[in-house]
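Enquirer: Going by numbering that gives the first Met the number 0, the sequence shown opens with residue 0, and the numbers climb by one from there.
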Amino acid sequence: MRGVCLLVAAALALAACARKTEVKPPQLVAPHVVGEVSLTTLVDGVAVRWARPTKYVDGTEMEDLGGFVVDRSRNNESFEELARVPVTDRGRFQKTTRFEHVDHAVMEGTTYHYRIVAFTTDGYYSAPSGAATITWEPPHPSPSPGATPAVGASPRARRGATKGR
């Protein structure tokens, strides 16, 4: 009888420790797809920017965002992983809302496509974002203001002369 009581007590203790929330299928706990991806030409590369997803695919709030995979395709070739950007603000009150990665490995006149995949700390991955496209051309520096005389300036002002004043 004592053995039966111990067995019943153990079963009740295990039941009390059971999971209290509904178990969800993996496809519902993946992060929502990253929305808009924006690209900016820099002197030394391309800045890739995107907003943080805040919900899982099922619409519930996400608290375990682990990071992002930045994928790149060159001239319509297949996408390859370019970088991983970790999320380091878990547990903080104020969360980072926008993320950025700068791709320095770019060549002039080449077309690049970028997409972002979000992942959780448990390793669930979102579907890839829509691709953003840019053809990289380094920005040309604008002439310095002192190099070009102002339109309509007098010859004296253009020479920078200040005699007698």
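Don't be surprised by glycine CBs; every beta carbon is placed ideally from N, CA and C.
With DSSP as the reference, please indicate the residues paired to residue 72 in a beta bridge.
Expert: Paired residues: 112.
Enquirer: I'd like to check one pair, residue 71 with residue 81: are the Cβ atoms closer than 8 Å?
Expert: Their beta carbons are under 8 Å apart, which means residue 81 touches residue 71 by this criterion.
Enquirer: Give me the Cα-Cα distance between residue 37 and residue 48, rounded to the nearest whole angstrom.
Expert: Those two C-alpha atoms are separated by around 5 Å.
Enquirer: Do you know offhand how far residue 121's Cα is from residue 85's?
Expert: Their backbone Cα atoms lie some 13 Å apart in a straight line.
Enquirer: Taking the Cβ atom as the reference point for each residue, do residue 107 and residue 137 lie within a distance shorter than 8 Å?
Expert: Taking 8 Å as the Cβ cut-off, residue 107 and residue 137 qualify as a contacting pair.
Enquirer: Taking 8 Å as the threshold (C-beta atoms), are residue 73 and residue 109 in contact?
Expert: Against a cut-off of 8 Å, the Cβ pair of residue 73 and residue 109 comes out as a contact.
Enquirer: Take residue 117 and list the residues in its own chain whose beta-carbon comes closer than 7 Å to its own, dropping the five residues that flank it on each side.
Expert: Excluding sequence neighbours, residue 117 sits near 30, 33, 52, 64, 67 and 125.
Enquirer: By alpha-carbon positions, which one of 131, 60 and 57 ends up nearest to residue 111?
Expert: Here the closest residue by C-alpha is 131.
Enquirer: DSSP beta-bridge partners for residue 54?
Expert: Per DSSP, 60.
Enquirer: I think residue 135 touches residue 45, with their Cβ atoms under 8 Å apart; what is that distance to the nearest whole Å?
Expert: Contact holds; Cβ gap of about 6 Å.
Enquirer: Straight-line CA distance for residue 28 to residue 123?
Expert: When rounded, the distance between both Cα atoms is 7 Å.
Enquirer: Compare the C-alpha of residue 102 against each of 40, 35, 24 and 21 and name the closest.
Expert: Here the closest residue by C-alpha is 40.
Enquirer: If we count the other Cβ atoms within 10 Å of its Cβ and call it buried at 16 or more, is residue 77 buried or exposed?
Expert: It is exposed - the Cβ of residue 77 has fewer than 16 other Cβ atoms within 10 Å.
Enquirer: Is it right to say residue 114 is buried, meaning 16 or more other beta carbons lie within 10 angstroms of its own, or is it exposed?
Expert: Buried, by the Cβ-count rule.
Enquirer: Along the chain, where does the beta strand (DSSP E) that runs through residue 30 open and close?
Expert: That residue, residue 30, is in no beta strand (DSSP E); it is neither H nor E in DSSP.
Enquirer: Taking DSSP as the reference, what is the three-state secondary structure of residue 48?
Expert: In this structure, residue 48 counts as strand in the three-state DSSP scheme.
Enquirer: Please report the residue range of the beta strand (DSSP E) in which residue 120 lies.
Expert: Run containing residue 120: none; DSSP gives neither H nor E here.
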